[in-house]
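What follows is one structure encoded as structure tokens, with my remarks underneath.
2 protein chains.
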Amino acid sequence: MEMKPELCNVDDALNILVGKWKPIILLTLLKEGTKRFSDLKRSVPGITQKMLTNQLRDLEQEDIITRKVYLQVPPKVEYSMTEYGKTLEPILVAMHEWGTAHSVHKMQKMSQESR
Amino acid sequence: MEMKPELCNVDDALNILVGKWKPIILLTLLKEGTKRFSDLKRSVPGITQKMLTNQLRDLEQEDIITRKVYLQVPPKVEYSMTEYGKTLEPILVAMHEWGTAHSVHKMQKMSQESR
DNA sequence: CGGGATCCTAAACGATACTG
DNA sequence: CAGTATCGTTTAGGATCCCG
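Keeping their order, the protein sequence lines are chains A and B. Residue 1 is where the first sequence starts when you use the UniProt record's numbering, and the numbers rise one by one after that. Residue 1 is where the second sequence starts when you use the UniProt record's numbering, and the numbers rise one by one after that.
So, in structure tokens, the structure goes:
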């Protein structure tokens with residue numbers, strides 16, 4: 001067990017997950033399976049079309065999700081997790097559980113700061 | 001189990017961990033315990049003093065680490081994980097394991113892209 | 001319907017120099 | 001030793017408009 005290069009392995013997962021909307025997108029796809037672009041947009045309130053496209057492109061390039069285009073009018077594009085992407089679930093679950101367990105701590109800190 | 005507000009819990013953990021150097025800083029403190037500023041700087045190759053200070057301040061403000069100042073010349077400042085901060089370890093470990101397990105996948109992708 | 005192209009702002013990051 | 005202060009660069013995020 002050495003130190004420096006190995007610790008950087010944390011960044012690989014982090015870089016994939018970082019982005020204002022990526023965790024929500026991934027959790028939605030994990031929980032609800034394949035989704036169309038417009039359905040995904042509805043599942044992520046507040047996101048713009050451009051940002052949704054950006055985040056999906058990032059995730060696609062990392063092989064976390066796949067993009068399936070149906071050549072028809074009107075267009076139809078479906079997104080879903082890859083098998084590789086699904087391996088991220090434990091991390092997302094761990095973060096979700098942490099956030100849920102410590103929302104109390106956050107509340108206390110906020111009330112301190114307002115004093 | 002509802003959807004929208006609950007999914008945001010993921011972002012709480014993510015926001016704490018995000019930062020170019022925070023994961024390495026945290027893993028170092030978790031593995032090696034209390035550290036002085038200069039020792040920490042040595043453990044994080046490439047970081048500037050300013051960035052180290054910034055990241056430490058962020059983590060301190062989130063109650064993830066504590067800062068203990070010894071009033072002496074030359075100055076001595078020690079940083080260590082709080083009990084609250086230590087609860088992040090499972091997440092960091094999960095990310096580290098994921099990064100380690102999938103470094104092969106990353107290599108394959110890189111060789112694809114170079115073609 | 002599912003984008004792409006353009007422009008803009010705020011924040012993160014970084015290099016360098018200085019200090020109690 | 002452990003920082004600030006200042007400056008410049010880079011990047012993420014977002015608003016808006018256009019398109020097949």
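Cβ coordinates follow ideal geometry from the N, Cα and C atoms, glycine included. All figures in this text were calculated on a predicted structure; none of them were measured in a lab.
Review point. Relative to the alpha-carbon of B/R67, which residue among B/Y79, B/I91 and B/D58 has its alpha-carbon at the smallest distance?
Key: The residue given as residue 67 of chain B occupies position 67 in the second sequence. Of the listed residues, the one whose Cα sits closest to B/R67 is B/Y79.
Review point. With C-beta atoms as the reference, is A/V10 less than 8 Å away from B/G99?
Key: Counting from 1 along the first sequence, the entry for residue 10 of chain A is found at position 10. Counting from 1 along the second sequence, the entry for residue 99 of chain B is found at position 99. Cβ atoms of A/V10 and B/G99: closer than 8 Å.
Check your understanding: What is the DSSP secondary structure of B/I65, counted as helix, strand or coil?
Key -> To locate residue 65 of chain B, count along the second sequence from 1; it is residue 65. Strand, per DSSP.
Check your understanding: Taking only beta-carbon atoms, is B/N54 less than 8 Å away from chain A?
Key -> Looking up residue 54 of chain B in the second sequence gives position 54. Closer than 8 Å: no.
Exercise for review: Would you be able to state if there are at least three C-beta pairs under 8 Å between the region 54-70 of chain A and the region 8-22 of chain A?
Suggested key: yes
Review point. Got a sec? Which residues, its chain only, sit under 6 Å from B/T34 by beta carbon, not counting five neighbours each side?
Key: Walking along the second sequence from the start, residue 34 of chain B turns up at place 34. Hits under 6 Å: E78 and S80.
Exercise for review: State yes or no: is the C-beta of A/L52 within less than 8 Å of the C-beta of A/V44?
Suggested key: Counted from its first residue, the first sequence places residue 52 of chain A at position 52. Counted from its first residue, the first sequence places residue 44 of chain A at position 44. For A/L52 and A/V44, yes; Cβs fall inside 8 Å.
Point to revise | Per DSSP, cross-strand counterpart(s) of A/M81 | key: Against the first sequence, residue 81 of chain A aligns to sequence position 81. DSSP lists A/I65 as partners of A/M81.
Review point. Among the residues of its own chain, which have a CB less than 6 Å from the CB of A/I47, if the five just before and after it don't count?
Key: Translated into the one-based positions of the first sequence, residue 47 of chain A becomes position 47. Counting only Cβ-Cβ distances below 6 Å, and skipping sequence neighbours, we find W21.
Point to revise | Cβ shell of B/L40 (< 6 Å), same chain only, five flanking positions each side left out | key: If you number the second sequence from 1, residue 40 of chain B lands on position 40. Within the same chain, B/L40 has no close Cβ partners at all.
Check your understanding: Could you give the distance in angstroms between the alpha-carbon of B/I24 and the alpha-carbon of A/Q108?
Key -> The count along the second sequence starts at 1 and reaches residue 24 of chain B at position 24. The count along the first sequence starts at 1 and reaches residue 108 of chain A at position 108. Cα to Cα, B/I24 sits roughly 27 Å from A/Q108.
Check your understanding: Between A/L88 and chain B, is there a C-beta pair that is closer than 8 Å?
Key -> Your numbering for residue 88 of chain A matches position 88 in the first sequence. By this cut-off, A/L88 is an interface position.
Exercise for review: Determine the extent of the alpha helix (DSSP H) in which B/L29 is found, giving its start and end residues.
Suggested key: In the second sequence, counting from the first residue as 1, residue 29 of chain B sits at position 29. Where B/L29 is concerned, the enclosing alpha helix (DSSP H) stretches over K22 to E32.
Check your understanding: DSSP beta-bridge partners for A/R57?
Key -> Numbered from 1 along the first sequence, position 57 holds the residue referred to as residue 57 of chain A. Partner(s): none; A/R57 has no beta bridge.
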